[in-house]
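Asker: All residue numbers for the sequence shown refer to numbering that gives the first Met the number 0, where the first residue is 0 and numbers rise by one.
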Amino acid sequence: MASLSELKRTTKRAYRRVGRGQSSTRGKQSGRGGKGQTARAGNKRRPELRDIIKKIPKRRGYGKNRGRTYVYRTDAVALPLDRLEKLFDSGAEISRKSLAEKGLLSARGNKRVKIVSARTAADLSKKLNLVGVTASGSAKTAIEKAGGSIK
Numbered sequence: 000m001a002s003l004s005e006l007k008r009t010t011k012r013a014y015r016r017v018g019r020g021q022s023s024t025r026g027k028q029s030g031r032g033g034k035g036q037t038a039r040a041g042n043k044r045r046p047e048l049r050d051i052i053k054k055i056p057k058r059r060g061y062g063k064n065r066g067r068t069y070v071y072r073t074d075a076v077a078l079p080l081d082r083l084e085k086l087f088d089s090g091a092e093i094s095r096k097s098l099a100e101k102g103l104l105s106a107r108g109n110k111r112v113k114i115v116s117a118r119t120a121a122d123l124s125k126k127l128n129l130v131g132v133t134a135s136g137s138a139k140t141a142i143e144k145a146g147g148s149i150k
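1. Can you tell me the Cα-Cα spacing of Ser97 and Ile142, whole angstroms?
2. Let's test the definition: count the other Cβ atoms within 10 Å of the Cβ of Gly102 and tell me whether it reaches 16, buried, or not, exposed.
3. So, are the CB atoms of Ile149 and Leu129 less than 7 Å apart?
4. Answer yes or no: do Thr73 and Lys113 have a C-beta to C-beta separation smaller than 7 Å?
5. With a threshold of 16 other CB atoms inside 10 Å of the CB of Ile55, please say whether the residue is buried or exposed.
6. Identify, in the order they occur along the chain, each residue of the same chain with its Cβ nearer than 7 Å to the Cβ of Ala138, setting aside the five sequence neighbours on each side.
7. To the nearest angstrom, how far is it from the Cα of Gln36 to the Cα of Arg8?
8. Considering only residues of the same chain and omitting the five flanking positions on each side of Asp88, which have a CB-CB separation below 8 Å?
9. Identify the continuous alpha helix (DSSP H) that holds Glu175 and give its terminal residues.
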């Protein structure tokens, strides 16, 4: 006769799977925590950080909203050569400081200055010397033809 240690099981052992359903035994809330929105089916809340990111403006292309430091470049103040000829003597040195003294520029303004000419090069009668002031091509030829200089 066989002993108890040598007996073989002929049927499957009855057991209950743990962590299934919301039964009060063997798993209770089944790993879903307590009550509330997160314990329910279909819980998929939108991340708060995503909403914050979506409100930030996109930084593409050109303009003030690019991902770089925006440089504000002011337009140049155009001064006609006729006006300079009336206000300055022959051989005068024209700089930003002298233009501010004559009232053509504001003393504190940081605007650029450009001398322009609508006339031909032969019409300028005074010798003018420009220092630290830019000039258009026609203004340069008129000043140089009259004996002036641009530095």
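Glycine included, each C-beta is placed from N, C-alpha and C at the ideal position.
Answerer: The answer reads as follows:
1. Locating residue 97 in the sequence shown gives position 98, where the first residue counts as 1. Locating residue 142 in the sequence shown gives position 143, where the first residue counts as 1. Looking at the two C-alpha atoms, the distance is approximately 17 Å.
2. Stepping through the sequence shown from its first residue, residue 102 is reached at position 103. Under this definition Gly102 is an exposed residue.
3. As a position in the sequence shown, residue 149 is number 150, starting the count at 1. As a position in the sequence shown, residue 129 is number 130, starting the count at 1. Closer than 7 Å, so yes.
4. For the purposes of this step, residue 73 is identified with residue 74 of the sequence shown, where counting begins at 1. For the purposes of this step, residue 113 is identified with residue 114 of the sequence shown, where counting begins at 1. Taking the C-beta atoms as reference points, Lys113 is found no nearer than 7 Å to Thr73.
5. Counted from its first residue, the sequence shown places residue 55 at position 56. The residue in question, Ile55, is exposed, as its Cβ has fewer than 16 Cβ neighbours within 10 Å.
6. Taking the sequence shown and counting its residues from 1, the one referred to as residue 138 is at position 139. Closer than 7 Å at the Cβ level, and outside the excluded window around Ala138, lie Leu80, Ile114, Val115 and Ser116.
7. The count along the sequence shown starts at 1 and reaches residue 36 at position 37. The count along the sequence shown starts at 1 and reaches residue 8 at position 9. If you take the alpha carbons of Gln36 and Arg8, they lie about 46 Å apart.
8. Taking the sequence shown and counting its residues from 1, one reaches residue 88 at position 89. Only Lys125 meet the Cβ criterion.
9. The chain is shown from 0 up to 150; residue 175 falls before or after that span and cannot be answered.
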